[in-house]
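S.K.: At position 302 of the sequence shown the residue is numbered 302 (UniProt numbering), and the sequence of numbers has no breaks.
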Amino acid sequence: MQHDDVDSLRRSSAAWRLLRADTAPLVLSFLGTLFVEDNVRAIPESELVARLDDHLWAVDGRAARASGTEPRYPRAPQAYVDHWTHPDQSWLRAWYPPGSAEPHYDATPAVEQAVRWVASLRGRGFVGTESRLNTVFELLRQLAVGTQTDPAERLRELEERRAAIDDEIAQVRAGRVAVLDAAAQRDRYQQLTQTAADLLSDFREVEANFRSLDRELRERITGWDGAKGELLEEVVRSRTAIAESDQGRSFHAFYDFLLDRRRQEEFAALVERVQSLDAIAPDVVRPAPGTPGPAVDAAAQAAAREQEHRRLRRVHYDWLDAGERTQATVRTLSEQLRRFLDDQVWLENRRVMDILRGVEAKALAARDVARAAGRAGAPPGMPVDAVAPEVVLPTERPLFTPRPTARLDSDHVEVGDDDFEVDALYDQVHVDPERLARTVRATLSRPGGPGEVALADLLADAPLEHGLAELVTYLSLEDPRFVVVHDDERSDEVRWEGEAPAGPVAEDGAPDPVVRVARLPRVTYARRTSGSPPGGPPAARPDARPDAAPDPSPEETP
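Right, dumping it as structure tokens:
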């Protein structure tokens with residue numbers, strides 16, 4: 001580490017400024033609890049100020065009022081929030097979500113770094129090194145094996161691993177099962193909890209790096225002086241570079257891993273199994289030997305350990321929330337970049353429109369000059385074949401798309417199970433309208449008849465054979481030799497016998513008949529006379545209403 005690098009970090013690092021600030025205990029305790037421990041990723045300003053007010057009262061206000069002294073943090077909560085958001089501090093990031101007029105806040109990666117460093121200063125009663133050494137060797141092995149291109153060498157590595165696994169299987173079958181002792185269990189569990197917490201805190205840094213890449217892209221767009229095609233190519237290349245960067249690929253691979261439901265269930269089951277171990281469950285954070293001050297209360301130790309257990313049990317949900325937040329940030333940045341480009345295009349289009357309006361103004365002025373010249377003699381101008389060119393490009397024609405043909409394979413036809421009723425497919429009722437029309441015509445042509453007959457009277461002589469279907473067909477009859485007149489002011493009842501769908505059965509085995517009644521407006525069939533137009537009513541029925549439409553669904557009551 002060079003002196004100049006350290007000096008530059010001291011002047012530019014927001015985390016360093018936070019640790020040097022007089023209000024560092026307030027900032028770390030409040031922002032660390034809210035944004036790091038509780039994993040809050042976005043909070044409205046009103047709620048943030050209210051929580052800070054409660055925290056100030058709990059930390060400083062009650063003691064200052066009781067002792068009558070000046071409080072240690074005298075400023076208002078809103079003033080502290082504005083101070084922490086200022087670019088000179090950069091401990092909070094403020095933005096306006098879409099559709100919201102209230103700013104929202106989130107901690108910056110500097111707060112995560114400062115909280116992590118302060119937490120590392122606490123003494124640990126147990127410091128494990130074996131698990132980290134195993135992690136180093138495992139990472140080295142993955143690098144060495146994963147980058148090996150020689151097939152023979154890869155086979156040798158795999159055979160060695162298989163031999164080790166076979167030897168372990170033989171040991172287990174012989175009853176010699178090697179288990180981790182209590183110290184090794186605590187060592188690995190300590191590294192597990194630390195790695196899980198560090199992984200959660202890295203999401204804010206990943207999100208900040210995405211924002212930094214997007215900001216650099218916007219700066220290049222703003223200062224671009226080349227062609228439009230080159231700009232779009234640069235934009236596409238930059239967006240692809242963000243997604244294809246090492247950080248982007250690592251994040252997307254991690255997020256895809258989290259979305260695997262099987263992995264989530266496996267993680268939850270493993271955490272529950274590990275936390276039930278005797279060496280893990282009673283383990284608490286112990287002060288380091290030689291740490292000054294009184295010993296930590298046992299109840300406080302147990303409460304802290306239980307809180308750590310709860311956080312680990314739901315840490316994969318926190319990972320999902322943080323990952324979704326980062327994904328939403330990338331989507332929002334892409335949408336904002338698209339709008340930014342649209343604004344740039346709109347400005348260029350506005351310039352084009354200004355030029356076109358200038359051309360139109362000059363054309364109008366030339367028109368006035370041409371009219372004046374036309375009155376004096378021949379107007380200026382020249383003939384043109386067309387006002388616009390007609391461009392026909394061969395590449396605009398669509399390509400031929402063959403229709404897909406389905407092949408019917410009848411070689412392996414299997415007989416299905418007869419597990420449904422097919423009677424309904426054959427029990428179909430067909431009503432012949434011509435037969436009903438012949439019945440009406442025969443009734444109207446009786447010698448000495450009045451030339452008209454009501455539907456109810458007609459059905460009294462010729463009862464319905466097919467029930468409601470036949471009645472509806474009567475209502476929809478059309479014939480050139482008679483007309484159908486509907487009278488809504490009067491009504492008739494039509495009765496017929498039908499079979500009940502489910503009911504008592506007579507002695508002969510046939511279902512008992514049921515009488516059904518339909519009430520409908522009076523329908524009259526009248527013989528067409530020579531004075532009646534086609535489709536119109538007869539002249540002999542002045543009280544009828546031929547304009548009334550038939551009721552397509554008469555009321556049917558059993």
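For each residue, glycine too, the CB sits at the ideal point set by N, CA and C.
Bear in mind the structure is a predicted one, so any value in this text is a computation, not a measurement.
1. Per DSSP, which one or two residues make a beta bridge with THR524?
2. Report the CB separation of ASP106 from PHE210 in whole angstroms; it is logged as a contact under 8 Å.
3. Counting only runs of 4+ residues fully inside the stretch 121-186, write out the alpha helix (DSSP H) ranges in chain order.
4. Measure the CB-CB distance between residue 559 and ARG188 and report whether it falls below 8 Å.
5. Can you grab the Cα-Cα spacing for the pair GLU102 / GLN190, in whole Å?
6. Among SER100, LEU139 and ALA437, which residue has its Cα nearest to the Cα of ALA481?
7. Take ASP7 and list the residues in its own chain whose beta-carbon comes closer than 7 Å to its own, dropping the five residues that flank it on each side.
8. Of the residues GLU390, ARG10, ARG204 and ARG314, which one's Cα is nearest the Cα of THR193?
9. According to DSSP, is LEU277 part of a helix, a strand, or is it coil?
10. Give the straight-line distance between the Cα atoms of GLY290 and PRO71, rounded to the nearest whole angstrom.
11. CB PRO98 to CB HIS104, shorter than 8 Å?
12. Pairing CB atoms from the stretch 517-531 with CB atoms from the stretch 448-461, are three or more of them under 8 Å?
13. Alpha carbon to alpha carbon, how far is ARG407 from ASP432? Give it in angstroms, no decimals.
14. Which residue wins for smallest C-alpha separation from LEU459, given the options PRO447, SER445 and THR439?
15. Considering Cα atoms alone, identify which of ALA361, PRO402 and LEU199 is closest to HIS316.
16. According to the Cβ coordinates, are GLU497 and VAL515 closer than 8 Å?
17. For ASP7, report the span of its alpha helix (DSSP H) as first-last.
18. On the DSSP bridge list, what partners appear for ASP492?
19. Whole alpha helix (DSSP H) runs in the stretch 394-453 with 4 or more residues, listed along the chain?
20. Here's a check: name, in chain order, each residue in its chain whose Cβ is nearer than 7 Å to the Cβ of TYR474, leaving out the five neighbours to either side.
21. Give me the Cα-Cα distance between GLU306 and ARG17, rounded to the nearest whole angstrom.
22. Spell out a yes or no on whether the stretch 38-56 and the stretch 146-165 are touching, meaning 3 or more CB-CB pairs, one atom from each, closer than 8 Å.
23. Could you check where the alpha helix (DSSP H) with residue 615 kicks off and where it finishes?
24. Based on Cα-Cα distance, which residue from HIS309, ARG262 and ASP260 lies nearest to VAL274?
25. Considering ALA466, what are the terminal residues of the alpha helix (DSSP H) in which it resides?
26. Any idea if SER201 is buried or exposed, counting beta-carbon neighbours within 10 angstroms, 16 or more meaning buried?
27. Taking the DSSP output, what are the residues bridged to GLY498?
28. Could you tell me whether the Cβ atoms of ALA170 and ALA15 are closer together than 8 Å?
29. Assuming contact is defined by CB atoms lying nearer than 8 Å, are ARG173 and GLU112 in contact in what I supplied?
30. Which stretch, first to last residue, makes up the alpha helix (DSSP H) that contains ARG72?
31. Once DSSP output is grouped into helix, strand and coil, what is the label at ASP214?
32. With a threshold of 8 Å between beta carbons, is GLU465 in contact with chain D?
33. Give me, in chain order, the residues of the same chain whose beta-carbon lies closer than 7 Å to that of LEU19; leave out the 5 immediate sequence neighbours on both sides.
34. If you reduce the DSSP assignment to three classes, tell me which class PRO558 lands in.
M.R.: The short version:
1. For this step, residue 524 is matched to residue 524 along the sequence shown. Paired residues: ALA454 and VAL485.
2. For this step, residue 106 is matched to residue 106 along the sequence shown. For this step, residue 210 is matched to residue 210 along the sequence shown. With a Cβ gap of about 14 Å, ASP106 and PHE210 do not count as contacting.
3. 130-146 and 151-173
4. Within the shown structure, residues of the chain are numbered from 1 to 558, placing residue 559 beyond reach of any answer.
5. For the purposes of this step, residue 102 is taken as the residue at position 102 of the sequence shown. For the purposes of this step, residue 190 is taken as the residue at position 190 of the sequence shown. Using only the alpha carbons, I get a separation of about 41 Å.
6. Within the sequence shown, the letter at position 481 stands for residue 481. The question names Ala, yet the displayed sequence has Arg at residue 481. When each option's Cα is compared against that of ARG481, the closest is ALA437.
7. One-based indexing of the sequence shown puts residue 7 at position 7. Cβ within range, chain order: n/a, list empty.
8. Mapped onto the sequence shown, residue 193 falls at position 193. Among GLU390, ARG10, ARG204 and ARG314, the Cα nearest to that of THR193 belongs to ARG314.
9. As a position in the sequence shown, residue 277 is number 277, starting the count at 1. In the structure shown, LEU277 sits in coil (DSSP, three-state: anything other than H, G, I, E or B).
10. Taking the sequence shown and counting its residues from 1, one reaches residue 290 at position 290. Taking the sequence shown and counting its residues from 1, one reaches residue 71 at position 71. Residue placement at GLY290 cannot be trusted, given a pLDDT of 46 that sits under 50; the coordinates are not used to answer.
11. As a first step, residue 98 is located in the sequence shown; it is residue number 98 there, counting from the start. As a first step, residue 104 is located in the sequence shown; it is residue number 104 there, counting from the start. Not closer than 8 Å, so no.
12. yes
13. In the sequence shown, residue 432 corresponds to position 432, counting from 1. In the sequence shown, residue 407 corresponds to position 407, counting from 1. Using only the alpha carbons, I get a separation of about 40 Å.
14. The count along the sequence shown starts at 1 and reaches residue 459 at position 459. Comparing Cα-Cα distances from LEU459 to each of PRO447, SER445 and THR439, the minimum goes to THR439.
15. Here residue 316 corresponds to residue number 316 of the sequence shown, with the count starting at 1. Here the closest residue by C-alpha is LEU199.
16. Start at 1 with the first residue of the sequence shown, and residue 497 comes out as number 497. Start at 1 with the first residue of the sequence shown, and residue 515 comes out as number 515. Against a cut-off of 8 Å, the Cβ pair of VAL515 and GLU497 comes out as a contact.
17. Translated into positions along the sequence shown, residue 7 becomes position 7. Per DSSP, ASP7 belongs to the alpha helix (DSSP H) from 3-12.
18. Taking the sequence shown and counting its residues from 1, the one referred to as residue 492 is at position 492. ASP492 pairs with LEU520.
19. 423-426 and 433-444
20. Residue numbering aside, residue 474 sits at position 474 when the sequence shown is read from its first letter. Excluding positions up to five away in sequence, the list reads LEU436 and LEU455.
21. As a first step, residue 306 must be located in the sequence shown, where it is residue number 306. As a first step, residue 17 must be located in the sequence shown, where it is residue number 17. Distance between the alpha carbons of GLU306 and ARG17: 33 Å.
22. no
23. It is not possible to answer for residue 615, since the shown part of the chain is limited to 1 through 558.
24. Within the sequence shown, residue 274 is the residue found at index 274, counting from 1. Nearest of HIS309, ARG262 and ASP260 to VAL274, Cα basis: HIS309.
25. Numbered from 1 along the sequence shown, position 466 holds the residue referred to as residue 466. Before going on, a small fix: residue 466 reads as His here, not Ala. It is not in any alpha helix (DSSP H) - HIS466 carries neither H nor E in the DSSP assignment.
26. Translated into positions along the sequence shown, residue 201 becomes position 201. So SER201 counts as buried.
27. Counted from its first residue, the sequence shown places residue 498 at position 498. According to DSSP, GLY498 bridges with VAL514.
28. As a first step, residue 170 is located in the sequence shown; it is residue number 170 there, counting from the start. As a first step, residue 15 is located in the sequence shown; it is residue number 15 there, counting from the start. No, they are not a contact pair.
29. Mapped onto the sequence shown, residue 173 falls at position 173. Mapped onto the sequence shown, residue 112 falls at position 112. The answer is no: Cβ separation not under 8 Å.
30. Position 72 of the sequence shown, counted from the start, is the residue given in the question as residue 72. Note, ARG72: premise wrong, no alpha helix (DSSP H); not H, not E.
31. Along the sequence shown, read from residue 1 onward, the residue named residue 214 stands at position 214. Helix.
32. Within the model displayed, chain D is absent; a lone protein chain is all it includes.
33. Translated into the one-based positions of the sequence shown, residue 19 becomes position 19. Correct list, in chain order: ALA114.
34. The sequence position of residue 558 within the sequence shown is 558, counting from 1. Low per-residue confidence applies at PRO558: pLDDT is 41, beneath 50, and the placement is therefore not dependable, though the value from the model is reported in the following sentence. PRO558: coil per DSSP, three-state reduction.
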